[in-house]
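Here is the structure we will look at.
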Amino acid sequence: MNTILLREKAQLMRKLIMQSIAEAGSGHPGGSLSLAEIMSYLYFFQAKLHETDPLCPERDRIILSKGHAAPVLYAALAAKGYISEAETLTLRKLGSRLQGHPDMRKLPGVEMSTGSLGQGLSVANGLAMGLRLQGKPNKVYAILGDGELQEGQVWEAAMTAAHYKLTNLTAIVDYNGLQIDGHTSAVKRVEPLADKWQSFGWQTVTVEGHSFTDLYRGFHTERDGSPLVVIARTVKGKGVDYMENVADWHGKAPSREQARQYAEMLGVSKDAG
Amino acid sequence: MQAKLEATRDAYGRALLTLGETRPDVVVLDADLSKSTKTAGFAAKYPERFFNIGIAEADLMGTACGLALAGFKPFASTFAIFATGRAYDQVRNSVTYPRLPVVIAATHAGLTVGPDGGSHQSIEDIALMRVLPGMQVWVPADGEEAYQMILAAATVESGPVYVRLGRQPVPRVSPEGYAFVPGTACVLGEAAPVAIIACGVMVDASLQAARLLQEQGIRSQVINISSIKPLDKSLLASVAGRSELIVTVEEHLVAGGLGSACAEALAANKARPPHLMIGVDDRFGQSGEPQELLAAYGLTPERIASRIAQTLAQ
Numbered sequence: 001m002n003t004i005l006l007r008e009k010a011q012l013m014r015k016l017i018m019q020s021i022a023e024a025g026s027g028h029p030g031g032s033l034s035l036a037e038i039m040s041y042l043y044f045f046q047a048k049l050h051e052t053d054p055l056c057p058e059r060d061r062i063i064l065s066k067g068h069a070a071p072v073l074y075a076a077l078a079a080k081g082y083i084s085e086a087e088t089l090t091l092r093k094l095g096s097r098l099q100g101h102p103d104m105r106k107l108p109g110v111e112m113s114t115g116s117l118g119q120g121l122s123v124a125n126g127l128a129m130g131l132r133l134q135g136k137p138n139k140v141y142a143i144l145g146d147g148e149l150q151e152g153q154v155w156e157a158a159m160t161a162a163h164y165k166l167t168n169l170t171a172i173v174d175y176n177g178l179q180i181d182g183h184t185s186a187v188k189r190v191e192p193l194a195d196k197w198q199s200f201g202w203q204t205v206t207v208e209g210h211s212f213t214d215l216y217r218g219f220h221t222e223r224d225g226s227p228l229v230v231i232a233r234t235v236k237g238k239g240v241d242y243m244e245n246v247a248d249w250h251g252k253a254p255s256r257e258q259a260r261q262y263a264e265m266l267g268v269s270k271d272a273g
Numbered sequence: 274m275q276a277k278l279e280a281t282r283d284a285y286g287r288a289l290l291t292l293g294e295t296r297p298d299v300v301v302l303d304a305d306l307s308k309s310t311k312t313a314g315f316a317a318k319y320p321e322r323f324f325n326i327g328i329a330e331a332d333l334m335g336t337a338c339g340l341a342l343a344g345f346k347p348f349a350s351t352f353a354i355f356a357t358g359r360a361y362d363q364v365r366n367s368v369t370y371p372r373l374p375v376v377i378a379a380t381h382a383g384l385t386v387g388p389d390g391g392s393h394q395s396i397e398d399i400a401l402m403r404v405l406p407g408m409q410v411w412v413p414a415d416g417e418e419a420y421q422m423i424l425a426a427a428t429v430e431s432g433p434v435y436v437r438l439g440r441q442p443v444p445r446v447s448p449e450g451y452a453f454v455p456g457t458a459c460v461l462g463e464a465a466p467v468a469i470i471a472c473g474v475m476v477d478a479s480l481q482a483a484r485l486l487q488e489q490g491i492r493s494q495v496i497n498i499s500s501i502k503p504l505d506k507s508l509l510a511s512v513a514g515r516s517e518l519i520v521t522v523e524e525h526l527v528a529g530g531l532g533s534a535c536a537e538a539l540a541a542n543k544a545r546p547p548h549l550m551i552g553v554d555d556r557f558g559q560s561g562e563p564q565e566l567l568a569a570y571g572l573t574p575e576r577i578a579s580r581i582a583q584t585l586a587q
């Protein structure tokens with residue numbers, strides 16, 4: 001695992017997230033930024049993906065159930081080279097392939113149209129069942145928000161995955177502790193997280209979601225015949241100091257100037273590093 | 274000769290067994306109602322291709338989507354009330370928005386569910402499904418048509434199909450050699466001044482109503498519009514051009530169902546006769562035996578015939 005490469009890709013994604021949302025004038029930076037390392041780890045190390053063909057039949061599948069983090073998905077697809085960096089600037093514009101929430105029919109590389117929360121894990125289950133039925137070795141990854149866990153369908157799906165022993169499925173919870181209305185603990189408590197998943201029949205591992213080595217440890221948990229959930233402790237808005245742990249940046253766009261300054265800062269820190 | 278009765282849900286179960294043999298990509302999902310929805314036969318014969326999702330209709334729809342993404346042809350079944358109401362957002366956003374080729378085969382639609390009562394009688398499902406962009410909506414009138422529809426649904430790759438199935442055995446109304454084609458209505462009988470357009474169990478009721486009207490000297494033609502979406506608009510236009518009265522009859526709310534679909538299609542038509550819309554008027558169902566309920570809600574042949582006669586006399 002080349003952590004220097006993964007770090008670079010995560011930083012590139014952060015720059016594209018800031019620029020694309022600033023250009024759009026709306027969008028969800030906080031929960032996109034918190035996923036940068038996780039997406040970098042998945043797209044550039046963990047998942048088996050084709051170098052140029054996002055629809056390669058032998059690929060692993062990554063479903064972004066928390067579809068409002070679309071900017072980080074588009075940034076990952078751009079970092080991967082499936083789309084151009086310039087296209088990320090069309091986010092949320094009329095006629096763009098980069099819809100406000102991911103649309104699989106508009107943009108190859110989007111595995112499932114998501115955005116109405118709580119639905120992605122069910123879809124990931126079906127995919128995992130289907131791939132297994134076909135005898136394919138491919139894995140399915142479903143990325144959920146912690147606030148999203150308040151949706152009842154998540155727990156219907158959790159029960160299904162355990163019942164069908166979907167060992168080719170891994171769920172990732174972006175555990176940043178914030179949702180639109182504030183701290184998840186204040187809006188509606190989702191803890192104890194690991195206990196909940198375990199009681200639903202899942203194997204759990206809790207990791208630091210901004211550490212590639214810790215993500216590696218989590219994803220390489222020895223499997224016990226159950227589906228695995230990687231609970232990734234993250235910081236909402238991670239990497240943009242004034243956004244970190246501020247619920248208000250869940251769904252507010254930075255200005256173009258803020259995006260420019262951020263890109264400049266990244267450039268400086270990269271040179272310094 | 275006593276016509277052979279078959280519930281459309283039984284025909285569904287029969288069609289699934291055919292598909293199980295001919296289509297290895299067909300998978301079936303249910304939500305703990307497999308004996309009632311008649312998916313149990315497929316489950317017993319093809320257990321590796323059957324997934325019971327338990328009492329979790331939202332999850333049922335999402336899981337079907339995942340199987341579709343993997344390249345399978347999923348049939349997702351539960352009662353119509355749950356498929357279209359309980360899981361509406363999943364049907365909208367996970368199934369229909371990405372145009373996934375999931376077949377939602379929903380049984381126990383309409384008042385004829387019977388004693389389970391209003392909470393379980395889906396009288397709004399046609400409305401809910403047909404407003405979804407790209408969703409096809411099919412309502413078979415008898416077992417033969419249901420069987421054909423299920424086989425046809427298995428060939429649809431462009432997006433989802435909603436098939437509305439019933440609990441009660443119904444007589445065959447489809448003509449010999451009938452072949453279901455989406456978007457094509459089935460005309461039953463000669464052209465006449467009154468066109469009675471019906472779907473589902475109301476096709477047989479309408480045929481009986483037409484016979485009662487005949488006894489009064491009122492000539493009518495029954496048309497089975499089993500494909501509510503896509504709708505046979507050209508046939509509707511020609512019917513509108515030659516009829517004195519159009520009647521729609523459905524085991525569904527008047528609002529949003531077959532009648533509404535026909536009215537929308539004909540609204541801009543210059544030669545448009547009056548349109549009598551027969552169905553359930555802005556109220557929920559209730560417990561009772563199916564025939565009692567149809568009588569209580571004005572959906573018997575006698576009531577259909579009398580309302581048509583009254584309208585003509587106005």
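Chains as they are written, first to last, in the numbering used here: chain A, 1 to 273; chain Z, 274 to 587.
Backbone N, C-alpha and C fix where the C-beta goes; we use that ideal spot for every residue, glycine too.
Given the structure is predicted, the values throughout are model-derived calculations rather than measurements.
query                                                                                                                          : result
Cα-Cα separation, residue 361 (chain Z) to residue 73 (chain A)                                                                : 26 Å
Residue-level contact to chain A via CB, residue 270 (chain Z), 8 Å cutoff                                                     : Nothing about residue 270 (chain Z) can be read from this structure; chain Z reaches only from 274 to 587.
Residue span of the beta strand (DSSP E) that contains residue 649 (chain Z), given as start and end                           : Limits of chain Z in this structure are 274 at one end and 587 at the other, which puts residue 649 (chain Z) out of reach.
Alpha-carbon to alpha-carbon, residue 327 (chain Z) and residue 69 (chain A)                                                   : 30 Å
Per DSSP, the bridge partner or partners of residue 63 (chain A)                                                               : A:142
Sub-8 Å separation of residue 388 (chain Z) and residue 561 (chain Z) beta-carbons                                             : yes
Cutoff 6 Å; reference residue 298 (chain Z); Cβ partners in own chain excluding five residues on either side                   : 345, 346
Neighbouring residues, chain Z, relative to residue 124 (chain A) (Cβ below 8 Å)                                               : 339
Whole-Å CB distance - residue 324 (chain Z) paired with residue 129 (chain A), under 8 Å assumed                               : 7 Å
Any non-hydrogen atom of the ligand ATP closer than 7 Å to residue 226 (chain A) Cβ                                            : Annotation note on the ligand ATP: not contained in the displayed structure, which lists no ligands.
Residue 573 (chain Z), DSSP secondary structure in three states                                                                : coil
With 16 other Cβ atoms within 10 Å as the buried cut-off, status of residue 317 (chain Z)                                      : exposed
Partner residues on chain A for residue 345 (chain Z), Cβ-Cβ distance less than 8 Å                                            : 130, 133
Buried/exposed call for residue 267 (chain A), threshold 16 Cβ in 10 Å                                                         : exposed
Classification of residue 144 (chain A) by the beta-carbon crowding that lies within 10 angstroms, buried from 16 upward       : buried
Cα-Cα separation between residue 149 (chain A) and residue 336 (chain Z), rounded to whole angstroms                           : 18 Å
Of the listed residues Z:380, Z:491, Z:449, nearest to residue 305 (chain Z) (C-alpha basis)                                   : Z:380
Distance CB(residue 60 (chain A))-CB(residue 78 (chain A)) smaller than 8 Å                                                    : no
Proximity test, Cβ basis, 8 Å: residue 321 (chain Z) and chain A                                                               : yes
Proximity winner among A:119, A:231, A:247, relative to residue 192 (chain A) (alpha-carbon distances)                         : A:231
Straight-line Cα distance separating residue 412 (chain Z) from residue 420 (chain Z)                                          : 11 Å
Proximity winner among Z:314, Z:396, Z:410, relative to residue 426 (chain Z) (alpha-carbon distances)                         : Z:410
DSSP beta-bridge partners of residue 303 (chain Z)                                                                             : Z:325, Z:350
Burial state of residue 443 (chain Z), where buried means 16 or more other Cβ atoms lie within 10 Å                            : buried
Short CB-CB distance (under 8 Å) between residue 273 (chain A) and chain Z                                                     : The predicted model places residue 273 (chain A) with a pLDDT of 39, which falls under 50 and marks its position as unreliable; any figure quoted below should be read in that light. Chain Z, which has no Cβ nearer than 8 Å to the Cβ of residue 273 (chain A), makes this no.
Under the three-state DSSP convention, the category residue 446 (chain Z) falls into                                           : coil
Proximity of residue 469 (chain Z) and residue 458 (chain Z) at Cβ, strictly below 8 Å                                         : no
Contact between the region 94–112 of chain A and the region 365–374 of chain Z (3+ Cβ pairs under 8 Å)                         : yes
Own chain partners of residue 275 (chain A) with C-beta closer than 7 Å, once the 5 adjacent residues on each side are dropped : Residue numbering for chain A in the displayed model covers 1 to 273; residue 275 (chain A) lies beyond these limits and cannot be assessed.
Residue span of the beta strand (DSSP E) that contains residue 169 (chain A), given as start and end                           : 169–175
Residue(s) in a DSSP beta bridge with residue 41 (chain A)                                                                     : None, per the DSSP bridge assignment.
Chain A contact for residue 363 (chain Z) (CB, 8 Å cutoff)                                                                     : yes
For residue 585 (chain Z) and residue 539 (chain Z), believed in contact at Cβ under 8 Å, the rounded distance                 : Actually they are not in contact, since the Cβ atoms of residue 539 (chain Z) and residue 585 (chain Z) sit about 19 Å apart, beyond 8 Å.
Interface flag, residue 42 (chain A) vs chain Z, CB-CB below 8 Å                                                               : no
Opposing strand residues paired with residue 113 (chain A) [DSSP bridges]                                                      : None, per the DSSP bridge assignment.
Boundaries (first-last residue) of the alpha helix (DSSP H) holding residue 539 (chain Z)                                      : 531–539
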